[in-house]
Amino acid sequence: MKKTGLWMMGFVALAMSGLVQAEADPKLWAVVKEAFFPKRTIEEVDFLKIDGPRRAESGAQVPVTFTYDKAAANGVVLKKLYVIVDANPIQLASTYHLTDSLNGFQMSTRIRQETDSFVRLIGETADGKLYMGKREIRAAGGCGGTVDNNESEVRAAAGKIKLNVDAPKFGETATATFNIRHVMRTGLQRDLVSQGYVPAFYINKTSFHYNGKEVMTVDVGVGTSEDPYMKFSFIPEAPGKLEVIATDNEGKTFTQALDVHS
1 MKKTGLWMMG
11 FVALAMSGLV
21 QAEADPKLWA
31 VVKEAFFPKR
41 TIEEVDFLKI
51 DGPRRAESGA
61 QVPVTFTYDK
71 AAANGVVLKK
81 LYVIVDANPI
91 QLASTYHLTD
101 SLNGFQMSTR
111 IRQETDSFVR
121 LIGETADGKL
131 YMGKREIRAA
141 GGCGGTVDNN
151 ESEVRAAAGK
161 IKLNVDAPKF
171 GETATATFNI
181 RHVMRTGLQR
191 DLVSQGYVPA
201 FYINKTSFHY
211 NGKEVMTVDV
221 GVGTSEDPYM
231 KFSFIPEAPG
241 KLEVIATDNE
251 GKTFTQALDV
261 HS
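For the sequence shown, UniProt numbering begins at 1 and goes up steadily by one.
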């Protein structure tokens, strides 16, 4: 199923449940789980972790770190990770497609939260088994509200990329940092003047390659904060080039490349 379909399915199911309220409600998960993973078993585990504030200063910029500790997973090899925020109107914030170049997964990023919620990291194996880590985070106001952007400035800034890799020891873990300018409009915000909904405008995919080999691909959703930020670990086996390709929902493509030396 297309990602847009998943978003809307979760949104409709949650709205129909009548469970939305301004606190982290564990009862929401039963509805969200059946919308995204119907009739599938999900095992809660310690090798999937979410670090973040108990209460975020802003629901529009909630800092989190997602970890898949492969060494502690006892042979469980995950191929995908889904980030779900139970109480958001669009619950699927992002999907990470993993490769062996990551040797597990650690990602620091920023998400949006409309209200207090459980944030969940769902891992999926190649044969479809599901695992979960979760954390309760209190935050508010990150998905809706009003916008008062200068449209020409927004368009001119969109897609500007900063890419960096800490000087690595090749064959060992290195840290990459990616940041792209983009307003990441959710489609749920209203224009300050007209009060009509402002169309969604967001980065929808980022793909990282090192020396032509895929490192990670991210399906980015509107649950990701403005100016998407990703700090992650990977293993460069030799000097080379890290490349990123990002696209937005209007079909524009943005690229950046970085030579990596010790």
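Just so it is clear, CB atoms sit at the ideal spot from N, CA and C, and this is done for glycine as well. The structure presented is a predicted model; accordingly, all values stated were derived computationally and were not measured.
- Message: Which of the three DSSP states is assigned to residue 33 in this structure?
- Response: Walking along the sequence shown from the start, residue 33 turns up at place 33. Three-state DSSP puts residue 33 in a helix.
- Item | Proximal residues to residue 126 (C-beta, below 6 Å), its chain only, five neighbours per side dropped | Here residue 126 refers to the residue found at position 126 when the sequence shown is read from its first residue. So the qualifying residues of the chain are 79.
- Message: Can you check which of these residues, 98, 72, 48, 115, is closest to residue 28 by C-alpha distance?
- Response: Here the question's residue 28 lines up with position 28 in the sequence shown. Per the Cα distances, 115.
- Item | CB contact flag (residue 223, residue 111, <7 Å) | For the purposes of this step, residue 223 is identified with residue 223 of the sequence shown, where counting begins at 1. For the purposes of this step, residue 111 is identified with residue 111 of the sequence shown, where counting begins at 1. In this structure, residue 111 lies closer than 7 Å to residue 223 by Cβ.
- Query: Looking at C-alpha atoms only, which residue of 212, 184, 237, 225 is the closest neighbour of residue 248?
  - Reply: Taking the sequence shown and counting its residues from 1, one reaches residue 248 at position 248. The shortest C-alpha separation from residue 248 is found at 184.
- Query: My guess is that residue 132 and residue 120 are in contact by the Cβ rule of under 8 Å, so how many angstroms apart are they, rounded?
  - Reply: As a first step, residue 132 must be located in the sequence shown, where it is residue number 132. As a first step, residue 120 must be located in the sequence shown, where it is residue number 120. At roughly 6 Å, the Cβ-Cβ gap stays under 8 Å, so residue 132 and residue 120 are in contact.
- Query: Would you report the Cα separation of residue 152 and residue 203, rounded to the nearest angstrom?
  - Reply: For the purposes of this step, residue 152 is taken as residue 152 along the sequence shown, with counting starting at 1. For the purposes of this step, residue 203 is taken as residue 203 along the sequence shown, with counting starting at 1. Each residue's Cα considered, the two are about 18 Å apart.
- Item | Coarse secondary structure for residue 20, derived from DSSP in three states | For the purposes of this step, residue 20 is identified with residue 20 of the sequence shown, where counting begins at 1. The pLDDT assigned to residue 20 is 42, lower than 50, so where the model puts this residue is not dependable; a value taken from the coordinates is nonetheless given after this. If DSSP states are grouped into helix, strand and coil, residue 20 belongs with coil.
- Message: Along the chain, where does the alpha helix (DSSP H) containing residue 154 start, and where does it finish?
- Response: Your numbering for residue 154 matches position 154 in the sequence shown. 151-157 is the span of the alpha helix (DSSP H), which, as asked, contains residue 154.
- Query: Which residue spans inside the UniProt domain "Ig-like SoxY" (34-143) form an unbroken beta strand (DSSP E) run of at least 3?
  - Reply: 42-44, 48-51, 62-68, 78-85, 92-98, 105-111, 117-125, 130-137
- Message: Less than 7 Å between the beta carbons of residue 187 and residue 254, yes or no?
- Response: Here residue 187 is taken as the residue at index 187 of the sequence shown, counted from 1. Here residue 254 is taken as the residue at index 254 of the sequence shown, counted from 1. No, the Cβ-Cβ distance between residue 187 and residue 254 is not below 7 Å.
- May I ask you to verify whether the stretch 91-110 touches the stretch 229-239, counting CB pairs closer than 8 Å and requiring at least 3? yes
- Task: Kindly indicate which three-state DSSP category residue 28 falls into: helix, strand or coil?
- Result: Position 28 of the sequence shown, counted from the start, is the residue given in the question as residue 28. Here residue 28 sits in helix by DSSP.
- Message: Taking only three categories from DSSP, how would you classify residue 191?
- Response: Taking the first residue of the sequence shown as 1, we reach residue 191 at position 191. DSSP places residue 191 in strand when its eight states are reduced to three.
- Query: Under the three-state reduction of DSSP, which class applies to residue 170: helix, strand or coil?
  - Reply: If you number the sequence shown from 1, residue 170 lands on position 170. DSSP places residue 170 in coil when its eight states are reduced to three.
- Which runs of the beta strand (DSSP E) spanning at least 3 residues fall entirely within the UniProt domain "Sulphur oxidation protein SoxZ" (166-257), listed in chain order? 174-180, 203-210, 213-220, 229-234, 240-248
- Please say whether residue 210 and residue 258 have beta carbons closer to each other than 7 Å? One-based indexing of the sequence shown puts residue 258 at position 258. One-based indexing of the sequence shown puts residue 210 at position 210. Taking 7 Å as the Cβ cut-off, residue 258 and residue 210 do not qualify as a contacting pair.
- Message: Going by the DSSP bridge assignment, what does residue 162 pair with across the sheet?
- Response: On the sequence shown, position 162 is the one that residue 162 refers to. In DSSP, residue 162 forms a bridge with 179.
- CA-CA distance, residue 30 and residue 68? Residue numbering aside, residue 30 sits at position 30 when the sequence shown is read from its first letter. Residue numbering aside, residue 68 sits at position 68 when the sequence shown is read from its first letter. One C-alpha to the other measures close to 23 Å.
- In angstroms with no decimal places, state the Cα-to-Cα distance between residue 89 and residue 117. Translated into positions along the sequence shown, residue 89 becomes position 89. Translated into positions along the sequence shown, residue 117 becomes position 117. Each residue's Cα considered, the two are about 11 Å apart.
- Task: Whole angstroms is fine: what's the gap from residue 256's alpha carbon to residue 166's?
- Result: Indexing the sequence shown from 1 puts residue 256 at position 256. Indexing the sequence shown from 1 puts residue 166 at position 166. The alpha-carbon atoms of residue 256 and residue 166 are separated by roughly 16 Å.
- Message: Which same chain residues end up closer than 6 Å to residue 76 when comparing Cβ atoms and leaving out the 5 residues on each side of it in sequence?
- Response: Translated into positions along the sequence shown, residue 76 becomes position 76. Taken in chain order, the list of residues that qualify is empty.
- Query: Should residue 85 go down as buried or exposed, given a rule of 16 or more other Cβ atoms within 10 Å for buried?
  - Reply: The sequence position of residue 85 within the sequence shown is 85, counting from 1. Buried, because 16 or more other Cβ atoms sit within 10 Å of the Cβ of residue 85.
- Item | Buried or exposed (CB count within 10 angstroms, at least 16 for buried), residue 267 | In the structure displayed, the chain extends from 1 to 262; residue 267 sits before or after that span and is not available.
- Measure the CB-CB distance between residue 140 and residue 221 and report whether it falls below 7 Å. Looking up residue 140 in the sequence shown gives position 140. Looking up residue 221 in the sequence shown gives position 221. Not a contact, by the Cβ cut-off of 7 Å.
- With 16 as the cutoff for other CB atoms within 10 Å, does residue 225 come out buried or exposed? Walking along the sequence shown from the start, residue 225 turns up at place 225. It counts as buried.
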